[in-house]
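Below is one structure; the comments refer to it alone.
2 protein chains.
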Amino acid sequence: MAESSTRTVERALVLLGAVCDAGSIPLADAARETGLSASTALRLLRTLEGTGFVRRDAAGAYRPGLRVVQLGVQALAHESLVSLAEPALERLVALTGESAYLSVPSHDGEGIYLAMREGTHSVRHASWVGRSIPLDGTAVGAVLRGEEPAAGFVVVRNGIEADITAIAAPVSPGGQVVAAISVVIPSYRITPAGTRRIGALVAAEADALLAHIPSAPAGQDLTGEPA
Amino acid sequence: MAESSTRTVERALVLLGAVCDAGSIPLADAARETGLSASTALRLLRTLEGTGFVRRDAAGAYRPGLRVVQLGVQALAHESLVSLAEPALERLVALTGESAYLSVPSHDGEGIYLAMREGTHSVRHASWVGRSIPLDGTAVGAVLRGEEPAAGFVVVRNGIEADITAIAAPVSPGGQVVAAISVVIPSYRITPAGTRRIGALVAAEADALLAHIPSAPAGQDLTGEPA
DNA sequence: CTGTAGATTTCACTTATTGAAACGTCCTTT
DNA sequence: AAAGGACGTTTCAATAAGTGAAATCTACAG
């Protein structure tokens, strides 16, 4: 039985996702969006409510509950990658003035931002931690998939977002890509020379990120605590 | 059937909680801790894994997955209370040098820190966002329960944590307590006069927090977006 | 080499989930 | 005012789905 499942739980989790995506959603919409019957959705949402994963507001609509916040923040704190990366992101911002990101592959064929540092320019790119990013047509995506061009970094000009240029480099201890460091810049501000310079910086930081790690045996699981 | 349930989902969520609490936990421990049979725990954890809520590390142990981080951060961002409170916390830190917190009642009879601002003193109290706090014997607890003494703030000296004094005041638009603002101080640093001064500051900030809000009808649901 | 502990799979039992339908309510429409 | 529609909620019989004891396998410690 390679296939697991547990339909009920899967459905509940999908519902939870829908509620979190929406921020606030009435029962009927949640049911529609997840393709569940109203009664099933109600029952599952009630279970989620009873455990604090969602709550109802005065209007009766469902919202993400505090348990979600709690577990999420806890989990984020346990991700040692972000604490390792933070100084690197900071340096990148200091040296480039642009926003810098750490992202990792998610389970569903996308990527997700785990940490960011906002740039200092007044016109800056603003994404946010926890945001999903497609792997197609993005610099981060190319890197997370393992396409590392000779230069050591990937540049995507006006990819998913128009007028935005992204420069990304892989964090790949032992050849296995576990994360990407990237810098995102309004395209009008970028020059060929600047691209090379920043690309080199990003690649250098990405390389250095896990260089100190004594002996990452198989280059696996560096998303957890190093201990 | 006033009682909801859905045993399977509840169990899965308890497991998820256990994994997040532990940070990293092998199947057997998770099963023991939740009182589930190994096979059931395995099946549920697999479901959680398939949806990205947990993942396995190289050793096979379970850890919080990225989905948890993602939803948690999303949810936290949607909490308008924290954006409203942040300036207040900042001011408190500026005026007192001590760490300041925003907390709300959780679903399980505890409280949870939703936002914090670290103090500037070299010896400071460090808790963290997402942390649970008991309601018994804490200043925050007293406030969240609705016990507002005449002074407008509660002081608890050496409560749960020894050598720590906490001063908390309720955020209660329309009489209903929805949150608490608090400052936490190493006890040796506090004086009677300082307590009064800080208490007044905390109470003032807590009062002012939702004063601007045009017309919070029944004083409900201010944890969500004000729209 | 033997014994214990964990992880994983199998499988028969039945419990617990399911969704259509019915109900009450609150709107908007005619 | 009455009719229509949408939503939240409850009921209930059918059965799909989850359960846990036991068996299997591996890894490791004695």
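Sequences listed follow chains S and Y, in order. The first sequence begins at -17 in the working numbering and counts up by one. The second sequence begins at -17 in the working numbering and counts up by one. Glycine is no exception: its CB is placed at the ideal position from the N, C-alpha and C atoms.
Query raised in the report: Can you tell me the Cα-Cα spacing of Arg178(Y) and Ile94(Y), whole angstroms?
Result: 25 Å
**Report entry** First through last residue of the beta strand (DSSP E) which encompasses Ser169(Y)
**Finding:** Element bounds for Ser169(Y): n/a, residue is neither H nor E.
Query - Val109(S) at chain Y interface by Cβ criterion, 8 Å - result: Rather than Val, the amino acid found at residue 109(S) in this sequence is Ser. No, its Cβ sits nowhere closer than 8 Å to a Cβ of chain Y.
Query raised in the report: According to the Cβ coordinates, are Thr33(S) and Arg49(S) closer than 8 Å?
Result: yes
Requested in this report: Count the C-beta pairs between the region 116 to 133 of chain S and the region 149 to 167 of chain S that are closer than 8 Å, then say yes if the count reaches three, no if not.
Outcome: yes
Report task. Using a Cβ-Cβ cut-off of 8 Å, state whether Thr(-12)(S) counts as contacting chain Y. Result -> yes
Requested in this report: Could you name each continuous alpha helix (DSSP H) segment of 4 residues or more that falls completely within the region 64 to 145 of chain S, going from the start of the chain to the end?
Outcome: 121 to 126
Query raised in the report: Helix, strand or coil: how does DSSP classify Ile149(Y) here?
Result: strand
Query raised in the report: With 8 Å set as the bound, which would you pick, yes or no: does the beta-carbon of Gly34(S) sit closer than that to a beta-carbon of chain Y?
Result: yes
Query raised in the report: Would the region 141 to 156 of chain Y and the region 171 to 187 of chain Y be scored as touching if the rule is three or more Cβ pairs under 8 Å?
Result: yes
Query raised in the report: Which residues of chain Y have a Cβ atom closer than 8 Å to the Cβ of His103(S), listed in chain order?
Result: In chain order: nothing, as chain Y lies at least about 23 Å away.
Query - Straight-line Cα distance separating Ala175(Y) from Trp110(S) - result: 43 Å
Query raised in the report: Between the beta-carbon of Ser62(S) and the beta-carbon of Ser88(S), is there less than 8 Å?
Result: no
Query raised in the report: Using the beta-carbon of each residue, which ones in chain Y are nearer than 8 Å to Val125(S)?
Result: Under the 8 Å cutoff, chain Y gives no residues; its nearest Cβ is about 17 Å from Val125(S).
Query - For Thr29(Y) and Val160(S), the rounded distance between their alpha carbons - result: 23 Å
Report task. Could you name the residues of chain S that Pro116(Y) contacts, counting a contact when the two beta carbons are closer than 9 Å? Result -> None at all; the shortest Cβ gap to chain S is about 15 Å.
Query - Closer than 8 Å to chain Y by CB, Leu48(S) - result: yes
**Report entry** Local Cβ density within 10 Å of Thr120(Y), reported as buried at 16 or more and exposed below that
**Finding:** buried
Requested in this report: Report the partner residues of Arg37(Y) according to the DSSP bridge assignment.
Outcome: Arg45(Y)
Query raised in the report: If we ignore side chains and look at the alpha-carbon of each, how far apart do Gly101(S) and Pro69(S) end up?
Result: 14 Å
**Report entry** Short CB-CB distance (under 8 Å) between Glu80(Y) and chain S
**Finding:** no
Query - Span of the alpha helix (DSSP H) around Thr(-12)(Y) - result: Run containing Thr(-12)(Y): none; DSSP gives neither H nor E here.
Report task. Could you tell me the distance, in whole angstroms, from the CA atom of Leu9(Y) to the CA atom of Leu24(Y)? Result -> 7 Å
**Report entry** Within chain S, partners of Ala59(Y) - CB distance below 8 Å
**Finding:** Trp110, Gly112
Query raised in the report: Distance, Cα to Cα, Ala108(Y) vs Glu80(Y)?
Result: 10 Å
Report task. Starting from Ser21(S), trace the alpha helix (DSSP H) both ways and give me its first and last residue. Result -> 20 to 32
Query raised in the report: Going by the CB atoms, is the gap between Val136(S) and Leu191(S) shorter than 8 Å?
Result: no
Query raised in the report: alpha helix (DSSP H) containing Pro174(Y): first to last residue?
Result: 174 to 191
Query raised in the report: Is Ser19(Y) buried or exposed, if buried means 16 or more other CB atoms sit within 10 Å of its CB?
Result: exposed
Requested in this report: Show which residues of chain S have a CB atom less than 9 Å away from the CB atom of Ala(-6)(Y).
Outcome: Thr(-12), Thr(-10), Val(-9), Ala(-6), Leu(-5)
Report task. Indicate whether at least one CB of chain S lies closer than 8 Å to the CB of Arg99(Y). Result -> no
Query - Partner residues on chain Y for Leu26(S), Cβ-Cβ distance less than 8 Å - result: Thr(-12), Val(-9)
Report task. Return the CA-CA distance between Ala132(Y) and Thr173(Y), expressed in angstroms with no decimal places. Result -> 20 Å
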